Amino acid sequence: MALAMPRPFATKSGSYYLNVRVPNELREVARGRAVTLPIAGDPVTVTISDKVYISLRTKSAREAKDCFQAALGRLAAYWDSLRASVHTLTPIEVKALAGEAYRDAVNKLDADYDFNDRIEAFVTEYRDAPRPGA
Numbered sequence: 061m062a063l064a065m066p067r068p069f070a071t072k073s074g075s076y077y078l079n080v081r082v083p084n085e086l087r088e089v090a091r092g093r094a095v096t097l098p099i100a101g102d103p104v105t106v107t108i109s110d111k112v113y114i115s116l117r118t119k120s121a122r123e124a125k126d127c128f129q130a131a132l133g134r135l136a137a138y139w140d141s142l143r144a145s146v147h148t149l150t151p152i153e154v155k156a157l158a159g160e161a162y163r164d165a166v167n168k169l170d171a172d173y174d175f176n177d178r179i180e181a182f183v184t185e186y187r188d189a190p191r192p193g194a
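The sequence shown begins at 61 in our numbering and counts up one residue at a time.
1. With burial defined as no fewer than 16 other Cβ atoms inside 10 Å of the residue's Cβ, what is the status of Y186: buried or exposed?
2. How is the alpha helix (DSSP H) around R134 delimited, first residue to last?
3. Assign V82 to buried or exposed, taking buried as 16 or more other Cβ atoms, counted over all protein chains shown, within 10 Å of its Cβ.
4. Less than 8 Å between the beta carbons of V104 and V112, yes or no?
5. Please tell me whether G133 and I108 are closer than 8 Å, where the distance is taken between their beta carbons.
6. Specify, as a first and last residue, the run of the beta strand (DSSP E) that T96 falls within.
7. Terminal residues of the continuous alpha helix (DSSP H) containing V104?
8. Note down the Cα distance separating L169 from E180, rounded to an integer number of angstroms.
9. Going by DSSP in three states, R67 sits in which element: helix, strand or coil?
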């Protein structure tokens, strides 16, 4: 017996649609969530029910096939992300990530000369401002 592969289908009007069932093990997790798929070069968000059903926005079989493959690939990646178990970070991992974020922020600020000039001007203005009661 051959396995049925997902493929675009055409309605009576000739428009092509993506109609893919949600894997059984993900139905409860995925139902009601929104996923963004690339449709005809534009990101389109669809809410998941027992299946993902969305227009491919074309009447051309060739365009529908290409668009379907791109959307199906993104959908497969989404299913994989839902299957992945949630990883809880240890305190050491949190500190390591915070350190990386801090280093990146400092490097960006050091390279932003306009920002540094504004800070220097602010400090000079604050230092030179007359003090009340002085």
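Where is the CB? At the ideal position from N, CA and C, for every residue including glycine.
A quick note: this is a predicted structure, and the numbers were derived from the prediction, not measured.
Let me spell this out:
1. Classification for Y186: exposed.
2. For R134, the enclosing alpha helix (DSSP H) has its first and last residue at A121 to R143.
3. Buried, since its Cβ has 16 or more Cβ neighbours within 10 Å.
4. Not in contact: V104 and V112 (Cβ atoms no closer than 8 Å).
5. In this structure, I108 does not lie closer than 8 Å to G133 by Cβ.
6. Where T96 is concerned, the enclosing beta strand (DSSP E) stretches over A94 to I99.
7. V104 -> not in any alpha helix (DSSP H); beta strand (DSSP E) instead, spanning D102 to T107.
8. A straight-line Cα-Cα distance of about 13 Å links L169 and E180.
9. R67 falls in the coil class under three-state DSSP.
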